[in-house]
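Asker:
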Amino acid sequence: MIEYTIDQSDQLILVWMTGTNRCEDLKAHYARVLNDPRYDPTFDSLFQVDGNADGPIMTELPEVKTVMEMVAQCQAATKWAVVMPAGFKRTIVEYLLQGVNLRSVTMRFFGSEHEAIAWLNEGRRLPIVASGRDRVQPASASAAVESQCPPVEAGT
6 MIEYTIDQSD QLILVWMTGT NRCEDLKAHY ARVLNDPRYD PTFDSLFQVD
56 GNADGPIMTE LPEVKTVMEM VAQCQAATKW AVVMPAGFKR TIVEYLLQGV
106 NLRSVTMRFF GSEHEAIAWL NEGRRLPIVA SGRDRVQPAS ASAAVESQCP
156 PVEAGT
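When you number the sequence shown by this note's numbering, it's gap-free, plus one each residue, and the end is 161.
1. So, His125 versus Leu101, is the Cβ gap smaller than 8 angstroms?
2. Would you kindly report the start and end of the unbroken beta strand (DSSP E) that includes Thr23?
3. If you scan the stretch 81-109 from start to end, which runs of the beta strand (DSSP E) of 3 or more residues do you find wholly inside it?
4. Please go through the same chain and pick out, in chain order, the residues whose beta-carbon is closer than 6 angstroms to the beta-carbon of Val87, but skip the five residues on each side of it.
5. Three-state secondary structure (DSSP) at Thr64?
6. CB Ala58 to CB Met112, shorter than 8 angstroms?
7. Going by CA-CA distance only, name the one from Ser117, Ile133 and Arg130 that's closest to Gly56.
8. In terms of residues, what are the limits of the beta strand (DSSP E) holding Val38?
9. So, using beta-carbon positions, are Asn26 and Ile62 closer together than 8 angstroms?
10. Does DSSP put Leu51 in a helix, in a strand, or in coil?
11. Using 8 angstroms as the threshold, is the C-beta distance between Asp41 and Ile11 below it?
12. Where DSSP assigns a beta bridge to Met112, which residues make up the other side?
13. Using DSSP's beta-bridge definition, name the partner residues of Glu8.
14. Between the C-alpha atoms of Pro94 and Val54, what's the straight-line distance to the nearest angstrom?
15. Pull up the distance between the alpha-carbon of Ala123 and that of Arg129, whole angstroms please.
16. If you draw a straight line from the alpha carbon of Asp49 to that of Leu17, how long is it in whole angstroms?
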């Protein structure tokens with residue numbers, strides 16, 4: 006499952022990936038984010054990937070790269086911090102995502118949320134205060150509006 010919330014006060018998109026996922030789930034997630042009226046292409050992103058996240062998405066990383074490149078086209082000089090437990094799975098993900106063309110987006114992997122937030126705070130006028138799973142407020146599909154970016158649609 007992929008959940009997210011957009012924290013406008015911290016200018017941050019918080020994303021949580023848990024359980025079994027497919028690339029189609031990632032496409033659907035980005036379609037929701039890009040159509041969310043709170044979406045701002047200048048916001049950084051903090052991805053929390055739990056140690057149990059798995060499923061076909063792990064074998065679909067070449068397709069995931071394409072989705073990420075499409076989404077990066079909608080971003081303006083932002084940072085994507087990925088918090089994922091160290092280990093074999095993270096090593097494989099980092100290796101397979103090498104060379105992804107994220108344009109003005111910089112993506113880094115971290116072992117802890119604290120390290121990720123410290124990196125995201127570098128160069129910020131107003132630092133990110135804190136994060137946590139209790140802040141998840143999944144976006145309502147009924148609140149979706151037309152995006153200014155090319156659509157990332159599930160099933161394409």
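We put the beta carbon where it would ideally sit given N, CA and C, even for glycine.
Answerer: Answer, in terms of the structure:
1. Per the sequence presented here, residue 125 reads as Leu, with His not at that position. No; because the gap between Cβ atoms is not below 8 angstroms, this pair is not in contact.
2. Counting along the chain, Thr23 falls outside any beta strand (DSSP E), and DSSP gives it neither H nor E.
3. 84-88
4. Phe52 and Phe114
5. coil
6. no
7. Ser117
8. Unbroken run through Val38 is the alpha helix (DSSP H), Cys28 to Asn40; no beta strand (DSSP E).
9. yes
10. strand
11. yes
12. Trp85
13. Trp21
14. In the sequence on display, residue 94 carries Lys and not Pro. About 11 angstroms.
15. 10 angstroms
16. 5 angstroms
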